[in-house]
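Q: Numbered as in the numbering used here, the sequence shown ends at 338 without a single skipped number.
Take a look at this one; I'll ask things after.
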Amino acid sequence: MKARITILAVLTKICVIGQTITYNNFSKAINDTISVNLAENNSFSPTLKTTTGSSVIWNASNLLVKSGTPIIHFSYSATTSTPYASLYPNSNYSFYDPALTAFLGYDFVHFNSDSVISWGTYEPSSSHEIFQNPDKKLIFPFTYGQSFTDTYAKTNYSNATTISSYQVGTRTVTFSGFGTLILPQGTFTNVALVTELRTNNLGPNSYEYTWYNISNGKKLLLRTENGSSINTAFCNSLPTGISKLANTSEFSISPNPAATSATLNISSILISDHLNLTIYNLLGEKIYTSVITSNKHIINRNGLDSGIYIYTITTKANETLSIGKLIFK
């Protein structure tokens, strides 16, 4: 494989430790089981794909579980434990649901300290793909604003033995967003949006959008688009908490709901730090930002429509201390 690395954006002078996907954190997913629901495609807002940048909010709280679909429990297992290990000798892990192999296929990957690459998939119908030049999905470390492009080549099979086509192309992977993801069951911080564009000689191009929990590599939300074939899935696990979240008693907003203005009250012990207040609408669009300089910070409505807004309080190092709702009536 020949990969080329480019920097798409000049990194600003903020701490990027939390904005980097590392092997040590991501590899925790190998020992985890991910509980997943398929979602109705029309409940996925297109703005989620185009909301990029640092410290953004993606509001996917309106996702609806697809009717008649089971809960899926994906996990990594050694490739040698699967029925198709001989077809994928370079793969060390397979990602699948052991209880649903009659309905869902196997994804064969090679997971190592510098990358995750795909060696192919095998479906219940026996249609499958085998890569001769593997498809690189992720690199480590991978930092917000970074992108890479890699080539691939594979053979497609319509059943266990019949070759249907040969395919070559490129995959461009971009770490395009960092922030907070709101799912129906709760709010997740320290989330990365990784976008992928795969070209091929057969067409059409395909797009993949994955929201990862940076701290443990878990896929929280996935959207795939390949022509008319579109799929949406989300992890249904509850949030485990916010890293370094301050005690909720250290922050409060009153009145809330507010008419014309509200006061953000902050414990005086925190004011020695550089704190930022950011407010987003429910589309994840940033509409207000301010540096907090006292333990009573006035938030003026300034023509905002009635409704619910999301606020975050972050440190100079871009660590989230608090997330909450602000309502203007």
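The beta-carbon is built from N, C-alpha and C at its ideal position, and this holds for glycine as well.
In this text, all values refer to a predicted model and were calculated from it rather than measured experimentally.
Can you check which of these residues, Leu230, Leu206 and Thr59, is closest to Leu47 by C-alpha distance?
A: Measuring from the Cα of Leu47, the nearest candidate turns out to be Leu230.
Q: Give every residue of the same chain whose Cβ lies closer than 6 Å to the Cβ of Ser167, excluding the five residues on either side of it in the sequence, and list them in chain order.
A: Taken in chain order, the residues that qualify are Ser136 and Ser173.
Q: Could you give the first and the last residue of the continuous beta strand (DSSP E) run that contains Lys146?
A: Element bounds for Lys146: His137 to Ile148.
Q: For Lys295, report the span of its beta strand (DSSP E) as first-last.
A: It spans Lys295 to Ile301 - the beta strand (DSSP E) in which Lys295 sits, taken as one unbroken run.
Q: With distance defined between alpha-carbon atoms, name the residue in Phe112, Leu109, Tyr102 and Asn121 nearest to Asn33.
A: Checking every option, the nearest Cα to that of Asn33 belongs to Asn121.
Q: Return the residue from the list Thr78, Thr158 and Thr91 that minimises the CA-CA distance to Phe184.
A: Measuring from the Cα of Phe184, the nearest candidate turns out to be Thr158.
Q: Does the Cβ of Phe187 have 16 or more other Cβ atoms within 10 Å, making it buried, or fewer, making it exposed?
A: It is buried - the Cβ of Phe187 has at least 16 other Cβ atoms within 10 Å.
Q: Give the straight-line distance between the Cα atoms of Asp106 and Ile296, rounded to the nearest whole angstrom.
A: So the alpha carbons of these two residues sit roughly 42 Å apart.
Q: Determine whether the beta carbon atoms of Asn222 and Ile80 lie at a separation below 8 Å.
A: Contact: no.
Q: Quick one: is Lys253 buried, meaning 16 or more other Cβ sit within 10 Å of its Cβ, or exposed?
A: For Lys253, the pLDDT reaches just 42, beneath the cut-off of 50, and the residue's location in the model is therefore unreliable, leaving the point undetermined.
Q: Would you say the region 57-67 touches the region 94-103, given that touching needs at least three Cβ pairs under 8 Å?
A: Touching, no, given that fewer than three Cβ pairs across the two stretches are closer than 8 Å.
Q: Just to confirm before moving on: does the CB-CB distance between Asn274 and Lys325 stay below 8 Å?
A: The answer is no: Cβ separation not under 8 Å.
Q: So Leu57 is in the alpha helix (DSSP H); what residue range does that whole segment cover?
A: Start and end: Thr56 to Thr59.
Q: My output table needs one value for Ala255: the three-state DSSP class, helix, strand or coil.
A: Only weak support exists for where Ala255 lies, its pLDDT of 47 falling under 50; the coordinates are left without a value.
Q: Of all the options Pro150, Phe35, Tyr289 and Pro92, which has the alpha carbon lying nearest to the alpha carbon of Thr8?
A: Because the chain spans 10 through 338 in this model, residue 8 falls outside it and cannot be assessed.
Q: Going by other Cβ atoms of all chains shown within 10 Å of its Cβ, with 16 needed for buried, is Gln155 buried or exposed?
A: Classification of Gln155: buried, given that the 10 Å Cβ count is 16 or more.
Q: Where do the N-terminal and C-terminal ends of the alpha helix (DSSP H) with Phe35 fall, by residue?
A: Unbroken alpha helix (DSSP H) run through Phe35: Tyr32 to Phe35.
Q: Does the beta carbon of Ser238 fall short of 7 Å from some heavy atom of the ligand ZN?
A: As for the ligand ZN, it is missing from this structure, which has no ligand bound.
Q: Go through its chain and collect everything with a Cβ distance to Ser299's Cβ below 6 Å, but skip five positions before and after it.
A: Closer than 6 Å at Cβ, skipping near neighbours: Leu286.
Q: Can you list, in chain order, the stretches of the alpha helix (DSSP H) that have 4 or more residues and sit fully within the region 56-95?
A: As far as the region 56-95 is concerned, its whole alpha helix (DSSP H) runs of at least 4 residues are 56-59.
Q: Would you grab the beta carbon distance between Pro150 and Ile126 for me? Rounded to a whole angstrom, and I think it's under 8 Å.
A: Between Ile126 and Pro150 the Cβ distance is about 16 Å, and since that is not below 8 Å, they are no contact.
Q: Using the rule of at least 16 other Cβ atoms within 10 Å of the residue's Cβ for burial, across every protein chain shown, is Lys338 buried or exposed?
A: Flag for Lys338 reads exposed.
Q: Sorted by chain position, which residues of the same chain lie with C-beta nearer than 7 Å to Gln194's C-beta, five sequence neighbours on each side aside?
A: Asn245 and Leu247.
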